[in-house]
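Below is one structure, written out as structure tokens; the observations come after it.
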DNA sequence: ACCAGGAACCATGCAATGCAAGATACTGCC
DNA sequence: GGCAGTATCTTGCATTGCATGGTTCCTGGT
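Residue numbers (our numbering), protein chains in the order written: chain X, 20 to 136; chain G, 20 to 136.
Structure representation (structure tokens):
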């Protein structure tokens, strides 16, 4: 029940977080906590470890990312996630569907009756 | 199954459909099948009775809408749904949260590293 | 009167996904 | 050895869209 980004934002994240993560990995491999940090940079996308790790596992299981364990300069080893060709394609598919969806919601919010364009 | 608006759009709808319905009711009460038709006008929002009726039941249970049974000129009676003050407030809350969320996704899709503004 | 068909509504069971809470493991410092 | 900090992962749960099927009511043909 956090007020600022509460129930609404939580439901909004469904099905989008996955692609934000893929987008974050577009340029270079990153590890879990790093992704968490970059997501938090945009407050509405802030999420937790309990969300990100199952999500990353699923992405790996479905072949969207490859993983590689690397030693950390200080701490336990980090698992780095890198986009595969399949992951790139999935991201592209989302990038195509998103504007349609976004404009649809904008449409309903601003002009529900659609008559007085 | 529908490929064009398949798994991606389906997940995108989660948590948004509810508010699109509230937006549709903003100006005047409407009944189930009518909402289904207006949603379908924007293809990515197309959904089914199995989605809309449980959703409308929930909106009623939570006090976002009031219902009124009216006779139909031809067919069984129609249950009309009208926005309550609570529903109007929920819609306003969503209308406030949506632009933040929308811009966040746009940000990740277009500039995942966010450094070269 | 009777039956076929369609319009409208609703309930049940399932799948996908985000989340809170907790468990495990590795490193460095004292 | 013990403690703190970083990082990964698992389990159980709540929410929500969806497919399927069933019920009620009206209309039209015979």
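Where is the CB? At the ideal position from N, CA and C, for every residue including glycine. Bear in mind that the values here come from a model prediction, so they are computed numbers and not experimental data.
Check                                                                                                                                                                                : Outcome
Residue 31 of chain X by DSSP, collapsed to three states: which one?                                                                                                                 : helix
Using DSSP with H/G/I as helix, E/B as strand and the rest coil, what is residue 88 of chain X?                                                                                      : strand
Can you give, in chain order, each stretch of the alpha helix (DSSP H) that sits fully within the stretch 30 to 76 of chain X and has at least 4 residues?                           : 36 to 43, 51 to 59
Could you say which of X/26, X/27, X/32 lies nearest to residue 124 of chain G if we only look at CA atoms?                                                                          : X/32
Just the chain G side, please: which residues come within less than 8 Å of residue 83 of chain X by C-beta, in chain order?                                                          : Per Cβ cutoff of 8 Å: no residues; residue 83 of chain X is ~13 Å from chain G at best.
Along the stretch 27 to 47 of chain X, what residues have a CB closer than 7 Å to any CB found in chain G?                                                                           : 27, 28, 30, 31, 33, 34, 35, 39, 42, 43, 45, 46
With a threshold of 7 Å on Cβ separation, who are the neighbours of residue 44 of chain G within its own chain once the five nearest residues in sequence on each side are excluded? : 84, 100, 101, 102
Quick one: which chain G residues come within Cβ less than 7 Å of residue 119 of chain X?                                                                                            : 63
Would you tell me roughly how many angstroms separate the C-alpha atoms of residue 63 of chain X and residue 114 of chain G, rounded to the nearest one?                             : 14 Å
Among residues of its own chain, excluding the 5 on either side of residue 97 of chain G, which ones have a beta-carbon nearer than 7 Å to its beta-carbon?                          : 50, 89, 91
Report the option in X/118, X/28, X/40, X/27 whose CA atom is closest to the CA atom of residue 106 of chain X.                                                                      : X/40
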